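For the sequence shown, my numbering assigns the number 1091 to the initial residue and increments by one for each residue that follows.
The block underneath contains the structure these notes are about, expressed in structure tokens.
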Amino acid sequence: MIDRRQILSLSGLALPGVPSLAWAQRAASAADRMLVLVELKGGNDGLNTVVPYAHPVYAQLRPTLGLKPDEVLKLDSAIGLHPSLAPLLPLFEKREMAILLGLGYPQPNLSHFRSIEIWDTASRSTEYLDEGWVARAMSAGLRDAARFTTEGVAVGSAGLGALSGARAVSLTNTEAFVNQARLVTPASVRGNAALEHVLRVEAGVLQAAEGLRNPGGAPLNTEFPTHGFGQAVRATCQIVAGQKGRGGVPVFHLTHGSFDTHRGQLGTHATLLKQLAEGLVALRAGLVEVGAWERTLVVTYSEFGRRARQN
């Protein structure tokens, strides 16, 4: 098992994903920092995301799938971004975005399910752990977990990812969660053993729901994309806005994809990356609006990349 020091190092930039896009802001107090994990489900094609356009082997291995040098957004003389990521280029130029290449582990597991489990639990490929690395970091005393409304929120997906085992809430529909949870009163819980058990397991879902509600429902001025990832970003920003003066949420987990594309790879991948860029730019704008951007780290990652040779 990866030890505590290694787990804590994951709370910085060393997160999975080939490549990984991250924003690092000026230092904030440890109590106020926020982490947003964006999982690119299905195995993002890293070589067509951050493109080694100048490497001759890239063109040899991808005669039709590879992007041409005049198509990429050149970052330097060797690599460039996929053109669909153009909205992110100004952030890279302002040094608000960093790219980490080649993150991985020896002999990676090529099963989608097992590989993301390895990343989510920060475990050896030969280990099987129940708790995600965020939950273990909280248990190890990384944060004063008890003071938070909830230790984490997974938005737009039923899976908790690295939040598994933490006092976390999964919101596939934020507004529905809040509205339904408010209907569950202490009186309705009493005498209903099954519901009482569910609420215990969910570690205070009523309190979490109330804590996640944006007081007054004041809309944000930021414009969010209408696609699924954009709406997950909108929900995240609304939750952060609603936490002013409350316990706060230190970790969010969002998902985008599926990137498990085989047929029509070029067009599908371009669309997914366009949606990713739009969503991340909106996330930045929303967090700036609510005054949380300067204390937030956003990290994208995927269970693995794609083979260098096109298939």
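Note that the Cβ used here is the ideal one computed from N, Cα and C, for glycine as well.
Predicted, not measured: the structure shown is a model, and the values here were computed from it.
Bridge-paired residues (DSSP) for Lys1184: Answer by DSSP bridge pairing: none, since Lys1184 is not bridged.
Starting from the C-beta of Ile1206, find all residues in its chain whose C-beta is less than 6 Å away, skip the five residues before and the five after it, and write them out in chain order. Glu1393
Helix, strand or coil at Ser1254 according to DSSP, with G and I counted as helix: coil
How big is the Cα-Cα spacing for Val1288 and Ser1260? Residue confidence is low: Val1288 scores 46 on pLDDT, short of 50, so the model does not pin down where it sits. Its coordinate-derived value is still stated next. Taking the straight line joining both Cα atoms gives about 14 Å.
Assuming His1343 is part of the beta strand (DSSP E), what are its boundary residues? 1341-1346
Which value, in whole angstroms, describes the spacing of the CA atoms of Leu1191 and Tyr1143? 14 Å
May I have the straight-line CA-CA distance separating Ala1168 from Arg1374, to the nearest angstrom? 28 Å
If you drop the 5 nearest sequence neighbours on each side, which residues of the same chain put their C-beta closer than 7 Å to that of Thr1351? Thr1358, His1359
Euclidean distance between Cα positions of Val1291 and Gly1354: With a pLDDT of 41 at Val1291, under the threshold of 50, the predicted position of this residue should be treated as unreliable, though the coordinate-derived value follows. Approximately 43 Å, taken between the alpha carbons.
Sort Ala1149, Lys1158, Glu1183, Arg1152 by Cα distance to Leu1165 and report the nearest one. Glu1183
What does the alpha-carbon distance come out to for the pair Thr1240 and Asn1138? 37 Å
Please identify the residue among Gln1365, Ala1382, His1145, Gly1376 whose C-alpha is closest to the C-alpha of Gly1170. His1145
Between Arg1399 and the rest of its own chain, which residues show a CB-CB distance below 8 Å, the 5 nearest in sequence each way excluded? Leu1151, Arg1152
Can you tell which of Gly1249, Leu1363, Ala1322, Ser1201 has the C-alpha that lies nearest to the C-alpha of Gly1376? Ala1322
In DSSP terms, what Leu1163 is bridged to: Leu1171
Are the CB atoms of His1343 and Ala1244 within a distance shorter than 7 Å? yes
Determine the extent of the alpha helix (DSSP H) in which Leu1366 is found, giving its start and end residues. 1355-1379
Under three-state DSSP, which class holds Ser1260? strand
Gln1365 versus Arg1123 - alpha carbon distance: 26 Å
Boundaries (first-last residue) of the alpha helix (DSSP H) holding Ala1244: Unbroken run through Ala1244 is the beta strand (DSSP E), 1242-1245; no alpha helix (DSSP H).
Rounded to the nearest angstrom, how far is the Cβ of Leu1179 from that of Leu1163, given a contact under 8 Å? 5 Å
So Ala1225 and Ser1254 are supposed to be a Cβ contact under 8 Å. How far apart are they, rounded? 6 Å
Taking the alpha helix (DSSP H) that Glu1129 belongs to, which residues open and close that run? Element bounds for Glu1129: not the alpha helix (DSSP H) but the beta strand (DSSP E), 1124-1130.
Exposed unless 16 or more other CB atoms sit within 10 angstroms - verdict on Asn1401: exposed
Look at the alpha carbon of Gly1480 and the alpha carbon of Ala1149, and state the distance between them as a whole number of angstroms. Only positions 1091 to 1401 of the chain appear in this structure, which leaves residue 1480 out of reach.
DSSP puts Leu1178 in a beta bridge; with which residues? Note: Leu1178 sits in no beta bridge, so no partner.
Identify the continuous beta strand (DSSP E) that holds Thr1326 and give its terminal residues. Unbroken run through Thr1326 is the alpha helix (DSSP H), 1318-1332; no beta strand (DSSP E).
Do you know whose CA, among Ala1325, Phe1203, Glu1129, lies nearest Val1339's CA? Ala1325
Report the option in Gly1251, Glu1313, Thr1211, Pro1309 whose CA atom is closest to the CA atom of Ala1372. Glu1313
Can the beta-carbon of Leu1130 be found closer than 7 Å to that of Phe1319? no
In terms of alpha-carbon separation, which member of Val1341, Ala1230, Gly1133, Gly1369 lies closest to Gly1194? Gly1133
Are the beta-carbon atoms belonging to Leu1310 and Glu1379 less than 7 Å from one another? yes
Candidates Leu1363, Ala1176, His1172, Ala1212: closest to Ser1252 by CA position: It is Ala, not Ser, that sits at residue 1252 in the sequence shown. The shortest Cα separation from Ala1252 among Leu1363, Ala1176, His1172, Ala1212 belongs to Ala1212.
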